[in-house]
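Have a look at the structure below, then the notes.
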Amino acid sequence: MFDVYCPACDKQRLIAPGQVRTMINDDQGIAVIYECYCGELGALRTGAAHEGALV
Ligand SMILES: [Zn+2]
Numbered sequence: 083m084f085d086v087y088c089p090a091c092d093k094q095r096l097i098a099p100g101q102v103r104t105m106i107n108d109d110q111g112i113a114v115i116y117e118c119y120c121g122e123l124g125a126l127r128t129g130a131a132h133e134g135a136l137v
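For the sequence shown, the positions run 83 to 137 when the numbering used here is used.
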């Protein structure tokens with residue numbers, strides 16, 4: 083679970099793993115695309131834990 087701000091709800095929401103739609107790995111880290119309870123899609127950048135797997 084992670085805590086995000088949803089502009090559609092105008093409040094903080096707890097997003098469950100089942101609400102994650104996809105994850106994008108790019109040179110800035112990882113972006114998690116999630117769907118809020120209201121149906122709004124959002125993106126969360128994590129990028130904190132690189133495992134050294136980038137080539
Ligand atoms: Zn929402």
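We treat Cβ as the ideally placed atom computed from N, Cα and C, and that holds for glycine. Quantities reported herein were computed from a predicted structural model and do not represent experimental measurements.
For Glu117, the enclosing beta strand (DSSP E) has its first and last residue at Gly111 to Glu117. Of the heavy atoms belonging to ligand 1, none sits nearer than 7 Å to the Cβ of Ala125. Apart from the 5 residues on each side of it in sequence, Phe84 sits with its Cβ closer than 7 Å to the Cβ of Ile97 and Leu126 in its chain, given in chain order.
Tyr87 sits exposed, since fewer than 16 C-beta atoms from the chains shown fall within 10 Å of its C-beta. In the DSSP assignment, Ala98 is bridged to no other residue.
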